[in-house]
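From first to last, the protein sequence lines stand for chains A and B. Per the working numbering, residue 1 is the first one in the first sequence, and the count goes up by one each step. Per the working numbering, residue 151 is the first one in the second sequence, and the count goes up by one each step. Using N, Cα and C, we set each Cβ at its ideal position, and we do this for glycine too. All values reported here derive from a predicted model rather than from experimental measurement.
There are 2 protein chains.
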Amino acid sequence: MLSRASKYAILSTLYLAEHASKEKKMSVKSIANSINVPSPFLAKLFQQLVKCNIISSTKGPNGGFFLTEDNEKKTVIDIIEEIDGTNKIDDCFLGLAKCDGNNPCPVHFIVEPFKKKIFGKFRDQTIKEFANEVEAQGSVLFLSGLDKKK
Amino acid sequence: MLSRASKYAILSTLYLAEHASKEKKMSVKSIANSINVPSPFLAKLFQQLVKCNIISSTKGPNGGFFLTEDNEKKTVIDIIEEIDGTNKIDDCFLGLAKCDGNNPCPVHFIVEPFKKKIFGKFRDQTIKEFANEVEAQGSVLFLSGLDKKK
DNA sequence: TTAGTAAAAGACCTTTTTATCTTTTATTAT
DNA sequence: ATAATAAAAGATAAAAAGGTCTTTTACTAA
Numbered sequence: 001m002l003s004r005a006s007k008y009a010i011l012s013t014l015y016l017a018e019h020a021s022k023e024k025k026m027s028v029k030s031i032a033n034s035i036n037v038p039s040p041f042l043a044k045l046f047q048q049l050v051k052c053n054i055i056s057s058t059k060g061p062n063g064g065f066f067l068t069e070d071n072e073k074k075t076v077i078d079i080i081e082e083i084d085g086t087n088k089i090d091d092c093f094l095g096l097a098k099c100d101g102n103n104p105c106p107v108h109f110i111v112e113p114f115k116k117k118i119f120g121k122f123r124d125q126t127i128k129e130f131a132n133e134v135e136a137q138g139s140v141l142f143l144s145g146l147d148k149k150k
Numbered sequence: 151m152l153s154r155a156s157k158y159a160i161l162s163t164l165y166l167a168e169h170a171s172k173e174k175k176m177s178v179k180s181i182a183n184s185i186n187v188p189s190p191f192l193a194k195l196f197q198q199l200v201k202c203n204i205i206s207s208t209k210g211p212n213g214g215f216f217l218t219e220d221n222e223k224k225t226v227i228d229i230i231e232e233i234d235g236t237n238k239i240d241d242c243f244l245g246l247a248k249c250d251g252n253n254p255c256p257v258h259f260i261v262e263p264f265k266k267k268i269f270g271k272f273r274d275q276t277i278k279e280f281a282n283e284v285e286a287q288g289s290v291l292f293l294s295g296l297d298k299k300k
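Here it is, written out as structure tokens:
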């Protein structure tokens, strides 16, 4: 549904929103270590996110990544569409090219309400709002020992 | 969430349950054509499904694939676990290695009820029951838009 | 018993995804 | 200025997923 790349991107952008600021920029390495993501891979993802104005960066000493107020207004869907090139959440769960209420796959009516919910959250909530909620709820952003096999 | 391989396997097994029988076995090619799946790839998947007794086959003229009564009692979860090597539906939506009510990822409480529902259906309903429902509801099993339906 | 059929087996190929490494460029503190 | 720092850029590599092809084996009907 989501690529590993977009999962990394979502988690690390939320992490930035929570922990970084214009005054306290963060390096790829420190973020990669914090959420347990391969740092050269994350560096590549961040390059892409900077280019499309989802996150910001400056080079040199005290440089690093952070979010501007503009960045904070982006959404998780923006991240997914940038990294995966499309919104795969919307694809049919069983792979049908054309799956809808009139032409439903065998699980369409189970999957549809879920998609509406998660899609709504990812589209209607800004990164900042999402990050605030994450903090308030004590949600976890660390992959920890993510299964690197499989 | 599901690999393409397991999607193919699920759809074609349901298709077999609906259209094949001990008296009317079906070839890989006819099934592959019907549901729009690459036939050499489906052949490989079917080999695997035969080996683990989810579907059955005989060689030679009038040979092909079909389901025994034993096969009909298998579940979609059996297919997924055989083809994907694990049940990826149960993985955390954002990739956390350990994601549960105490250690929730940012979307855990949205994803969890959906997983319960779809997992329940895939585990508690036999292939035969599922196929009957598919038939009754007129659900679609064809990957492409081309309606090959009756 | 033989010709034709269809699956089994296994080798092989391609593309995509994930991940790493090296060099260059921009920034800043001294 | 210069040395240190950290991201940008780009080349490369490893692994997984998806897909194809050829040969062998089993079965059946004429």
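Determine the direct distance from the alpha carbon of residue j to that of residue i, and round the result to whole angstroms.
i                 : j                 : result
Glu285 of chain B : Leu217 of chain B : 16 Å
Ser34 of chain A  : Met151 of chain B : 25 Å
Asn36 of chain A  : Asp241 of chain B : 17 Å
Ser289 of chain B : Pro104 of chain A : 5 Å
Phe122 of chain A : Glu81 of chain A  : 11 Å
Ser171 of chain B : Phe243 of chain B : 38 Å
Ala247 of chain B : Pro188 of chain B : 34 Å
8 Å is my cut-off, CB to CB: does residue i come that close to chain A?
i                 : result
Pro188 of chain B : no
Ile160 of chain B : yes
Ile229 of chain B : no
Phe280 of chain B : yes
Lys300 of chain B : Per-residue confidence for Lys300 of chain B stands at a pLDDT of 28, beneath the threshold of 50, marking its modelled position as unreliable; the derived number appears in the next sentence. No - not a single Cβ of chain A is within 8 Å of the one on Lys300 of chain B.
Pro211 of chain B : no
Just checking: is the beta-carbon of residue i within a distance shorter than 8 Å of some beta-carbon in chain B?
i                 : result
Met1 of chain A   : yes
Lys121 of chain A : yes
Ser30 of chain A  : no
Leu49 of chain A  : no
Ala5 of chain A   : no
Just curious, the alpha helix (DSSP H) that residue i is in, first and last residue?
i                 : result
Phe93 of chain A  : Run containing Phe93 of chain A: none; DSSP gives neither H nor E here.
Thr13 of chain A  : Arg4 to His19
Ser289 of chain B : Per DSSP, Ser289 of chain B belongs to no alpha helix (DSSP H) and is neither H nor E.
Please check the pair residue i and residue j, which I expect to be a contact at CB under 8 Å, by giving their CB distance rounded to whole angstroms.
i                 : j                 : result
Ile204 of chain B : Ile229 of chain B : 6 Å
Ala5 of chain A   : Leu45 of chain A  : 6 Å
Leu42 of chain A  : Ser3 of chain A   : Rounded, the Cβ-Cβ distance is 14 Å, inconsistent with contact.
Could you give the first and the last residue of the continuous beta strand (DSSP E) run that contains residue i?
i                 : result
Gly64 of chain A  : Gly64 to Phe66
Ser144 of chain A : From DSSP, Ser144 of chain A is part of no beta strand (DSSP E); its letter is neither H nor E.
Ser39 of chain A  : Premise fails: Ser39 of chain A lies in the alpha helix (DSSP H), Ser39 to Lys51, not in any beta strand (DSSP E).
Cα-Cα, which of the options is closest to residue i?
i                 : options                         : result
Gly270 of chain B : B:Thr225, B:Ala247 and B:Phe292 : B:Thr225
Asn71 of chain A  : A:Lys98, A:Leu49 and A:Ser3     : A:Leu49
Leu14 of chain A  : B:Cys249, B:Lys265 and B:Pro256 : B:Pro256
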